[in-house]
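Visitor: Sequence lines, in order, name chains A and B.
Sequence positions in the first sequence follow our numbering and run 1 to 373.
Sequence positions in the second sequence follow our numbering and run 1001 to 1401.
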Amino acid sequence: MSLSYVRTIDAPKLPAPTTTAGTWAKLRERFAPTPLSGLGTLVIAVFLAWAIWSIFQWAIIDAVWTAPDREPCNAPGAGACWPFVQAKALQWVYGFYPIELRWRPNIVFLLGGLSLAGLLIPKIPFKGWNALFFFLAFPIIAYVLLTGGRFGLEEVGTEQWGGLLVTLIVAITGIVASLPLGILLALGRRSKMPVVRTLCTGFIEIVRGVPLITVLFMASVMFPLFMPPGINPDKLLKALVGVGLFSAAYMAEVVRGGLQAIPKGQYEASMAVGLSYWRMMLLVVMPQALKVVIPGIVNSFISLFKDTSLVSIIGIFDLFNIVQSGFNDAKWASAQTGNTGYFALALIYWVFCFSMSRYSQFIERRLNTSYTR
Amino acid sequence: MTVNTPHSKSVPPPAPAGGVSWFYDPKIRGYASQIIVVALLLWGLYVIIGNTQANLTKLNQNFGFGFLTQAAGFDLSTSLIEYSSTSTYGRAIFAGLLNTILVAVLGIIFATIIGFLVGVMRLSKNRVVAGAATLYIELIRNVPLLLQIFMWYALVLKPLPGVKDAHSLFGIVFLSKKGIVMPHPNFGPGAWAGLLFLVAALVGTWLFRRRARKLQDETGKITPVWLISIPIIILSPFIGLALAGWPLAFDYPELKGFNFSGGMTMVPEMAALLIALIVYSATFIAETVRSGIQAVSHGQSEASSALGLSRGRALRLVIIPQAMRVIIPPLASQYLNLTKNSSLAIAVGFPDLMYAGGTVNNQSGKAIEVVFILMVVYLSLSLFTAAFMNWFNSRMKMVER
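1) Tell me whether the beta-carbon of residue 258/A lies closer than 7 Å to the beta-carbon of residue 292/A.
2) Check whether the Cβ of residue 1321/B lies closer than 7 Å to any Cβ atom in chain A.
3) Is the beta carbon of residue 1089/B sitting closer than 7 Å to the one on residue 1360/B?
4) If you drop the 5 nearest sequence neighbours on each side, which residues of the same chain put their C-beta closer than 6 Å to that of residue 367/A?
5) Provide the residue span of the beta strand (DSSP E) that contains residue 1090/B, from first to last.
6) Would you please state the rounded distance, in angstroms, between the beta carbons of residue 1357/B and residue 1327/B? I believe it to be under 8 Å.
7) For residue 1217/B, count the other beta carbons within 10 Å of its own beta carbon; 16 or more makes it buried, fewer makes it exposed. Which is it?
8) Answer yes or no: does any C-beta atom of chain B fall closer than 7 Å to that of residue 322/A?
9) Determine whether the Cβ of residue 1290/B lies closer than 7 Å to any Cβ atom of chain A.
10) Taking DSSP as the reference, what is the three-state secondary structure of residue 153/A?
11) Throw me the rounded Cβ distance for the residue 242/A and residue 221/A pair, which I believe falls under 8 Å.
12) Please state whether DSSP places residue 1047/B in a helix, a strand or coil.
13) Does the CB of residue 371/A have a neighbour CB from chain B at under 7 Å?
14) Spell out whether any CB of chain A is found under 7 Å from the CB atom of residue 1310/B.
15) If I measure Cβ to Cβ from residue 1177/B and keep anything under 6 Å in the same chain, skipping five residues before and after, which residues do I get?
16) Counting C-beta neighbours from all protein chains within 10 Å, is the total for residue 191/A 16 or more, i.e. buried, or is it exposed?
17) Compute the beta-carbon to beta-carbon distance between residue 164/A and residue 310/A, rounded to the nearest angstrom, for a pair I have assumed lies under 8 Å.
18) Does residue 1366/B get closer than 7 Å to chain A when you measure Cβ to Cβ?
19) Tell me which residues share the same chain as residue 246/A and place their Cβ nearer than 7 Å to its Cβ, disregarding the 5 neighbours each side in the sequence.
20) Can you tell me the Cβ-Cβ gap for residue 270/A and residue 284/A, rounded? I've got them flagged as a contact below 8 Å.
21) Against residue 354/A, what residues of chain B qualify as contacts under a CB-to-CB distance less than 8 Å, listed in chain order?
22) For residue 218/A, which residues in chain B fall below 7 Å Cβ to Cβ?
23) Quick one, which of 1221/B, 1198/B, 1188/B and 1106/B has its alpha-carbon nearest residue 6/A's?
24) Are the CB atoms of residue 1095/B and residue 1079/B within a distance shorter than 7 Å?
25) Relative to the alpha-carbon of residue 106/A, which residue among 93/A, 117/A and 195/A has its alpha-carbon at the smallest distance?
26) State the Cα-Cα distance for the pair residue 348/A and residue 139/A, rounded to the nearest angstrom.
27) Could you tell me the boundaries of the beta strand (DSSP E) in which residue 1180/B lies?
28) Which residue marks the beginning of the beta strand (DSSP E) containing residue 1168/B, and which one marks its end?
29) If I measure Cβ to Cβ from residue 1026/B and keep anything under 8 Å in the same chain, skipping five residues before and after, which residues do I get?
30) What does residue 325/A pair with, by DSSP beta-bridge criteria?
31) Do residue 1384/B and residue 1334/B count as a contact pair if the criterion is CB distance below 7 Å?
32) With a 10 Å radius around its C-beta and 16 neighbouring C-beta atoms as the bar for buried, classify residue 353/A as buried or exposed.
33) Which partner residues does residue 163/A have in the DSSP bridge list?
34) So, for residue 1006/B: in the same chain, excluding its five sequence neighbours on each side, which residues have a beta-carbon less than 7 Å away from its beta-carbon?
35) Alpha carbon to alpha carbon, how far is residue 359/A from residue 1339/B? Give it in angstroms, no decimals.
36) Report buried or exposed for residue 123/A, applying the criterion of at least 16 other Cβ atoms within 10 angstroms of its Cβ.
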């Protein structure tokens, strides 16, 4: 049988390629490699220009910049109502935390920020001590400072906390609690003991199979029933338990990925030199596995940070809830208040999440030095 | 001659002199730690059950699912099945489940289409197209979904006009505060002819494609199968209906008093939830698609262009089939996320499973039972999606020769 699809006659000659050098050709290659693609460029460019111009007009040109109350924002044709943001900014950060005691959250912000910077910037030494501080000492200091009631500090109930403070507390508690829990769950899931493995796998899969809202709902309605009668746990504490368990299950899967990336030889070598299971994990496997999953941990922190907005549904005044509740303030409720509030809120979340995802990419590049085309 | 290599399993390693102390025997240690874990678990359960019982007696409640047959006494703003406030709690939860499934299925379909499009766009050589795709992805996925749902709800759907001066599209689709009202098709007897023609067209396309492939194998000629088939497939049900005497009537929405009557309505809550879910999930799907395509080695696209395949054919015949193997597993988890994220409906009051469950709990106080039902249902939805995607994955897997 002859191969009938092999050509026997010459194909018609193609025209000589148009020049591929020079500014014009380069421009064409970048913006209109084919006529259809050029049309796409035009449509998208027009749309983008329109969108950017409308936002610019609303947020800058038509915006109200200073006003004592809502009146100027209610004028027809008014753009963003920035005085509303100005008036509420401190409440968005601290919630209803007593004004004269706000130095306490400030110290917590400062300590947390410094320690986190020390952990995240590769050049800064003493990573081990820093991690120890951040994961052990810092939560205790923050707890004592924020709640008070000890060392002569005035007590501040969690119902007075709010805003960015609560958002950060929920996110950081989630990550600090989920790391040790997640590591234990991941080890349990890879354990050779059937009972431990089944329990860990079951927990991870059940929690990952249901929405966070269900877990929060469970924490807020069932957790009190599980406690001895008469004890009604704090609302924020219930949310923290829910968020901690939820993120632990996700963290376990991230850590498991890292554990699987460690070659078997590392385990065998550690056993050959006589290390016990825990020393093998602590000294040989975990340091390597955790380094591999740093981008994964940052990514799950990003989604946790976004998910903290869900605690507003069970009635906690996090950043999202406090901004939204400001819309009903009689002094500021206007046609543009809601738009401005949502815009500012989106911008805040975006700045946090985008910078974290950039950081995660930076670390990924630092860890992955393999040849790429 | 046999030599005892360390690998031969038949010969057990010689026990050390004197044996291992039982305290250090890994087997005994394994059993002991498992027994301790089970004991701790049982003790924990015992305490929790005891506490719960005490709490429930204090609240004058008892555990049981009998409440599901009681009248619910609340309304749902939209439902796929017959539902009113006199229906039972069980029916309320079922109606919520159907709404969840509806949103999830519609969301998955549209998010996949947009996600694939944006993912391919992001890899385009055209800088503007790639830049727009990147901008969209980076803007949307770094803002919480809950916020996006509220933004769509408050900024786009709330400012819509009232029913009286609804935006109308050709006088048959109406857009107002009450949502989107569309004509509802009513099929009369004989409507099966349309379905029959559609099936016939599909079968015909399949035969045509087989024939075209054979022709290509024999002569190398490529028949534009889809260019011919797709119009036929689209037209065939209409031809069938026309031949059967057009047994299709539309129930058009009409403005009566303060509301529309007739037609089918998509409530604004559902529109906000659905748009936000699609726009948000599409960014993640786009990233999955992009990384999948990038995972196919450069040599493949270079080889396809060396063989003279156009960019489109290279994508369709060489790159995408290989990329699919990388894309499907993370795509499955994106579908799971979308289904779970649909529970945010509770924030805008769209009556999905979570909303119905939450309301039932508020009315009946049966917290444990409701949470149990919610978890079981969400878990089974997740398991079902996972099983389906596993089946799909095994079909798309590389066939190695």
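Don't be surprised by glycine CBs; every beta carbon is placed ideally from N, CA and C.
Guide: Well, looking at it:
1) Locating residue 258/A in the first sequence gives position 258, counting from the first residue. Locating residue 292/A in the first sequence gives position 292, counting from the first residue. Yes, the pair counts as a contact, with Cβ atoms nearer than the cut-off.
2) As a position in the second sequence, residue 1321/B is number 321, starting the count at 1. Not one chain A Cβ lies under 7 Å of residue 1321/B.
3) Counting from 1 along the second sequence, the entry for residue 1089/B is found at position 89. Counting from 1 along the second sequence, the entry for residue 1360/B is found at position 360. A contact, by the Cβ cut-off of 7 Å.
4) Numbered from 1 along the first sequence, position 367 holds the residue referred to as residue 367/A. Here the set comprises nothing.
5) Here residue 1090/B is taken as the residue at index 90 of the second sequence, counted from 1. Residue 1090/B -> not in any beta strand (DSSP E); alpha helix (DSSP H) instead, spanning 1089-1122.
6) Here the question's residue 1357/B lines up with position 357 in the second sequence. Here the question's residue 1327/B lines up with position 327 in the second sequence. No, residue 1357/B and residue 1327/B are not in contact; Cβ-Cβ is about 33 Å, not under 8 Å.
7) The sequence position of residue 1217/B within the second sequence is 217, counting from 1. Exposed: under 16 other Cβ atoms inside 10 Å.
8) In the first sequence, residue 322/A corresponds to position 322, counting from 1. False, the Cβ-Cβ gap to chain B never drops below 7 Å.
9) As a position in the second sequence, residue 1290/B is number 290, starting the count at 1. Output row for residue 1290/B: interface = no.
10) Here residue 153/A corresponds to residue number 153 of the first sequence, with the count starting at 1. In this structure, residue 153/A counts as coil in the three-state DSSP scheme.
11) Translated into the one-based positions of the first sequence, residue 242/A becomes position 242. Translated into the one-based positions of the first sequence, residue 221/A becomes position 221. The C-beta separation of residue 242/A from residue 221/A comes to about 11 Å, leaving the pair out of contact by the 8 Å criterion.
12) Working through the second sequence from its first residue, we reach residue 1047/B at position 47. It is helical.
13) Walking along the first sequence from the start, residue 371/A turns up at place 371. Only weak support exists for where residue 371/A lies, its pLDDT of 48 falling under 50; the coordinates are left without a value.
14) The residue labelled residue 1310/B in the question sits at position 310 within the second sequence. Not one chain A Cβ lies under 7 Å of residue 1310/B.
15) Translated into the one-based positions of the second sequence, residue 1177/B becomes position 177. Closer than 6 Å at Cβ, skipping near neighbours: 1160 and 1162.
16) Here residue 191/A refers to the residue found at position 191 when the first sequence is read from its first residue. Classification of residue 191/A: buried, given that the 10 Å Cβ count is 16 or more.
17) Residue numbering aside, residue 164/A sits at position 164 when the first sequence is read from its first letter. Residue numbering aside, residue 310/A sits at position 310 when the first sequence is read from its first letter. The Cβ separation is near 16 Å, so there is no contact.
18) Locating residue 1366/B in the second sequence gives position 366, counting from the first residue. Not closer than 7 Å to any Cβ of chain A, the Cβ of residue 1366/B fails to qualify, so no.
19) Here residue 246/A refers to the residue found at position 246 of the first sequence. Counting only Cβ-Cβ distances below 7 Å, and skipping sequence neighbours, we find 207, 212 and 215.
20) For the purposes of this step, residue 270/A is identified with residue 270 of the first sequence, where counting begins at 1. For the purposes of this step, residue 284/A is identified with residue 284 of the first sequence, where counting begins at 1. Going by Cβ atoms, the distance from residue 270/A to residue 284/A rounds to 4 Å, so yes, they are a contact pair.
21) Your numbering for residue 354/A matches position 354 in the first sequence. Result: 1138 and 1142.
22) Residue numbering aside, residue 218/A sits at position 218 when the first sequence is read from its first letter. For residue 218/A, the chain B residues whose Cβ falls inside 7 Å of its Cβ are 1371, in order along the chain.
23) Taking the first residue of the first sequence as 1, we reach residue 6/A at position 6. The shortest C-alpha separation from residue 6/A is found at 1221/B.
24) In the second sequence, residue 1079/B corresponds to position 79, counting from 1. In the second sequence, residue 1095/B corresponds to position 95, counting from 1. Taking 7 Å as the Cβ cut-off, residue 1079/B and residue 1095/B qualify as a contacting pair.
25) If you number the first sequence from 1, residue 106/A lands on position 106. Among 93/A, 117/A and 195/A, the Cα nearest to that of residue 106/A belongs to 93/A.
26) Working through the first sequence from its first residue, we reach residue 348/A at position 348. Working through the first sequence from its first residue, we reach residue 139/A at position 139. For residue 348/A and residue 139/A, the distance between alpha carbons rounds to 24 Å.
27) Residue mapping note: residue 1180/B aligns to position 180 of the second sequence, counting from 1. Per DSSP, residue 1180/B belongs to the beta strand (DSSP E) from 1179-1182.
28) Sequence index remark: in the second sequence, residue 1168/B carries index 168 (1-based). Here the beta strand (DSSP E) through residue 1168/B covers 1167-1169.
29) In the second sequence, residue 1026/B corresponds to position 26, counting from 1. No residues qualify anywhere along the chain.
30) As a working note, residue 325/A is residue 325 in the first sequence. As far as DSSP is concerned, residue 325/A takes part in no beta bridge.
31) Position 334 of the second sequence, counting from 1, holds the residue named residue 1334/B. Position 384 of the second sequence, counting from 1, holds the residue named residue 1384/B. No.
32) Within the first sequence, the letter at position 353 stands for residue 353/A. The residue is buried, with at least 16 neighbouring Cβ atoms inside 10 Å.
33) By one-based count along the first sequence, residue 163/A stands at place 163. Beta-bridge partners assigned by DSSP to residue 163/A: 318/A.
34) Taking the first residue of the second sequence as 1, we reach residue 1006/B at position 6. The pLDDT assigned to residue 1006/B is 47, lower than 50, so where the model puts this residue is not dependable; a value taken from the coordinates is nonetheless given after this. If we look at residue 1006/B and ignore the five residues flanking it on each side, it has no Cβ neighbours.
35) Within the second sequence, residue 1339/B is the residue found at index 339, counting from 1. Within the first sequence, residue 359/A is the residue found at index 359, counting from 1. Their Cα atoms are separated by approximately 29 Å.
36) Within the first sequence, numbered from 1, the residue matching residue 123/A stands at position 123. When all chains shown are included, residue 123/A counts as exposed.
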